[in-house]
Amino acid sequence: MTVRKIIIDTDPGQDDAVAILLALASPEEVEVLGITAVAGNVPLPLTAKNARIICELAGRPDVAVYAGCDEPLSRPLITAEHVHGKTGLDGPDLPDPVMDLRPEHGVDFIIETLRREPEGSVTLCPLGPLTNIATAFRDAPDIIPRVREVVLMGGAYFEVGNITPAAEFNIYVDPEAAETVFKSGVPIVVMPLDVTHKALVTRPRNDAFRALATPVGQAVAEMTDFFERFDKEKYGSLGAPLHDPCVIAYLIRPDLFTGRFINVEIETQSSLTLGMTVADWWRVSGRDPNALFIGDVDADGFFTLLTERLARL
Ligand SMILES: [Ca+2]
């Protein structure tokens, strides 16, 4: 397996944090060229700060972190403090970062990196609203054919929605951005709620993080504990879904996931179903497939991989 060059585009977020840690713990499979923060779970100043807190927790203050867009393309920002807490990273008590934010805009970093690196070598990993990626595609369409793949967390089909009855948070926050990405022609892999709701942090899985007895293991246990309070109340599930790490796990162990290559369109008009991912799972529309839409994960394999990798940090 060759090392994949990736850019993580993120709105941390406890589950984003775990995804970043998994990537930084897996240098044989992924090389993190940089991290771009976007407004989403919490406003941009907090996501840009949280990304650096996590790099420092991983012992990687050398990772380049950039601030990107602070609001969706054409709508006011909607945030999710009710899920992630006031800071976006509620749970563990982590120190403020010492490392600096890079001065360049996150979107410029995405554009310049794709122009500089060999064509087809860079994978984009959006873990939040798609504002940065869509802005880069709109400002510099020449980069679109240079992208190897976009592997993103967002959307839902059978699980329908989590922020409205019809829409998943990342897509709902910036549906026009999502539409731009899904219509771009770039190869896309989607980790929707259908799969992330199967990646649940049960008590034994949380205990396994804590049992690592490292600052990283402790922080991840505390983050997923915090996350769980909300999700258990809402879904009555066995534990909190670990959404974003599915994206990174797919890059490392694609064999853990199964899905269908289908057509996915984004609803941008209806006030009732705004941000819905209209996924043609049953292939009834006749529209051309544009995304590998993941439906299932080997959850035990996923958590074994995650715990093994976090133990390295
Ligand atoms: Ca996220």
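Residue numbering for the sequence shown follows this note's numbering, starting at 1 and increasing by one per position.
Using N, Cα and C, we set each Cβ at its ideal position, and we do this for glycine too.
Would residue i count as contacting chain B if we go by Cβ distances under 8 Å?
i, result
"Ile266", "No chain B appears in this structure, which consists of one protein chain only."
What's the call for residue i, buried or exposed, on a 16-neighbour Cβ count within 10 Å?
i, result
"Glu267", "buried"
"Pro27", "exposed"
"Pro204", "exposed"
"Val284", "exposed"
"Glu179", "buried"
"Pro175", "buried"
"Pro245", "buried"
Where does residue i fall in DSSP's three states?
i, result
"Cys55", "helix"
"Asp296", "strand"
"Val122", "strand"
"Phe401", "Given that the chain is displayed from residue 1 to residue 313, the structure contains no residue 401 and the question cannot be resolved."
"Val42", "coil"
"Pro187", "coil"
"Ala291", "strand"
"Gly259", "strand"
"Gly34", "strand"
"Val98", "coil"
"Lys49", "helix"
Beta carbon of residue i, beta carbon of residue j: below 8 Å?
i, j, result
"Thr196", "Gly239", "no"
"Thr273", "Ala166", "yes"
"Ala80", "Ala134", "no"
"Leu24", "Ala219", "no"
"Met223", "Pro92", "yes"
"Ala39", "Leu101", "no"
"Gly68", "Ile171", "no"
How many whole angstroms separate the CB atoms of residue i and residue j, which I take to be in contact at a CB cut-off of 8 Å?
i, j, result
"Leu193", "Glu168", "5 Å"
"Val122", "Lys5", "5 Å"
"Asn41", "Ala17", "Rounded, the Cβ-Cβ distance is 11 Å, inconsistent with contact."
"Arg64", "Gly34", "Reading off the sequence shown, one finds Ala at residue 64, where the question assumed Arg. With a Cβ gap of about 4 Å, Ala64 and Gly34 count as contacting."
Alpha carbon to alpha carbon, how far is residue i from residue j?
i, j, result
"Thr36", "Trp282", "35 Å"
"Asp90", "Gln14", "8 Å"
"Glu119", "Gly106", "20 Å"
"Asp96", "Thr87", "11 Å"
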